[in-house]
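Just below is one structure, and these are the notes that go with it.
In the working numbering, the protein residues as written are 23 to 522.
Printed below as a string of structure tokens:
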């Protein structure tokens, strides 16, 4: 079946120039809308190819998941790659893999469906009428695949990493890495000592604002709910939208921020008009969430990821290379099969400052990076009780927005408590424009937030990370300047930790 699909799609791509010329009336420069009546006569592969060409033409591609060459109805992330190897292992072991294969396809169809929905919404309202037809086409083409297509599909499912080797070569990486290593060691000495402070010492450091959800459930509710959530053939939780929101509410931390200016207040990224630089609306305090999975100890574990956005990291001098427009903190909690937190970790929106907070059920193992200058897993608070990780207070410093401490809920009241909305992070891929003219993504076609570049890019480019310091989209967080590591690597935790 794959030959028919690939040959049809290949012929379509070869004819795309002809299609574009003959159907120029489909797209007005201003409206950028697909005319359903005109494309309805095309084959499914032609419809998908033509719509994809127009998305690319207008630089509206959602970069979160990677396209799968010759399979225009699928997109992949790093989990997709590992799931594909699991299907292959089942086949090699003589096991029936049809259900695994079907759930692998379903995972990649889900990524494609979500990305295309945001792309079409950003294209224009009238284009949404053709979206259902395209999704029907995509479902039909996916339904034609079976286990006979595994080899061809597995070779196409690939997600490139976010390191630029040519920059490392040009920047003499083996030498510049040493300078970066010593700089990072200095940062740790200057900043990680705060994790030794308790709430008594922390509360006296300044004025704190607490951002938390109103009516937050307790962790027990989520634990019970997790047992009832459907699992796929891989053992991955597949919650409904309602189930996911309930879980996200149950494990949401309190973000306690030391406030010196409006730059330290949490808000909602917004776009005033198409092409405008994003700003953070602090009158709309928001905690964003998303769902993920990691493979640890031969099992897939659910992860809840929370992100908060700040208007900026303000400059502390003329040559502050870390200052810039917009800032973000990401907190991720990984659960065991009963819903108890195994570990949490955090980065900033640029991928920097990756820290780990294991529960006592884990122990640190020797990692390949431990014996050299590469960045390894830093756990500044040691082990943290699972009950604390279920609903912690995250103490966030002013200006830098560094995480200072992770503690249990305490008796102290912040100077000001701010009720915050809980919003699915995928909504940032299609924001309503302030001028009422439509929708646009917070991210550009390369997965960056425009206007958030830092001066550090002129210094750290030899380390091979594109636009270091800039805010970026999920799936593109390289987290080690010295070494190679991504926040969404599905086997990341097993590199540093194991069950006791």
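Where is the CB? At the ideal position from N, CA and C, for every residue including glycine.
All values reported here derive from a predicted model rather than from experimental measurement.
query: Taking all protein chains shown into account, do 16 or more other C-beta atoms lie within 10 angstroms of the C-beta of residue 410, making it buried, or fewer, making it exposed?; result: buried
query: Can you tell me where the alpha helix (DSSP H) with residue 76 in it begins and where it stops?; result: 66–79
query: What's the C-alpha gap between residue 336 and residue 72?; result: 44 Å
query: Thinking C-alpha only, which one of 231, 504 and 123 is nearest residue 396?; result: 504
query: Express the C-alpha separation of residue 300 and residue 334 in angstroms, rounding to a whole number.; result: 11 Å
query: Identify whether residue 177 lies in helix, strand or coil by the three-state DSSP scheme.; result: helix
query: Are residue 327 and residue 354 closer than 8 Å when you measure CB to CB?; result: yes
query: Using only CA atoms, which one of 476, 415, 479 and 255 lies nearest to residue 121?; result: 255
query: May I ask you to report which of helix, strand or coil DSSP gives residue 203?; result: helix
query: State whether the segment 154–165 contacts the segment 268–284, with contact taken as three or more CB pairs (one from each stretch) at a distance under 8 Å.; result: no
query: Within 10 Å of its beta-carbon, does residue 134 have 16 or more other beta-carbons around it, so buried, or fewer, so exposed?; result: buried
query: Closer than 6 Å by C-beta to residue 229: which residues in its own chain qualify, once you throw out the five before and the five after it? Chain order, please.; result: 281 and 437
query: If you count every other CB in all the chains shown that lies within 10 Å of the CB of residue 309, and 16 or more means buried, which is it?; result: buried
query: Check this for me: beta carbons of residue 440 and residue 172, under 8 Å apart or not?; result: no
query: Taking the alpha carbon of residue 479 as the point to measure from, which residue in 374, 427 and 464 has its own alpha carbon closest?; result: 374
query: What's the gap between the Cα of residue 523 and the Cα of residue 118?; result: With the chain covering 23 to 522 only, the question about residue 523 has no answer from this structure.
query: For residue 79, count the other beta carbons within 10 Å of its own beta carbon; 16 or more makes it buried, fewer makes it exposed. Which is it?; result: exposed
query: Output yes or no for whether 8 Å exceeds the beta carbon distance between residue 430 and residue 414.; result: yes
query: Would you mind stating whether residue 453 and residue 351 have Cβ atoms separated by less than 8 Å?; result: no
query: Measuring alpha carbon to alpha carbon, tell me which residue in 100, 128, 108 and 144 is nearest residue 77.; result: 144
query: Does residue 340 pass the burial test, meaning 16 or more other C-beta atoms within 10 Å, or should it be called exposed?; result: exposed
query: Is it a yes or a no for the segment 93–102 touching the segment 167–185, going by three-plus beta-carbon pairs under 8 Å?; result: yes
query: On the criterion of 16 or more Cβ atoms from any shown chain inside 10 Å, does residue 489 qualify as buried, or is it exposed?; result: buried
query: So, is residue 257 buried or exposed, given that buried needs 16 or more other C-beta atoms within 10 angstroms?; result: exposed
query: Since residue 409 is in the alpha helix (DSSP H), which residue starts that stretch and which ends it?; result: 408–412
query: Return yes when at least one heavy atom of the ligand NAP lies under 7 Å from the C-beta of residue 326, else no.; result: Looking at this structure, you won't find the ligand NAP or any other ligand, since it has none at all.
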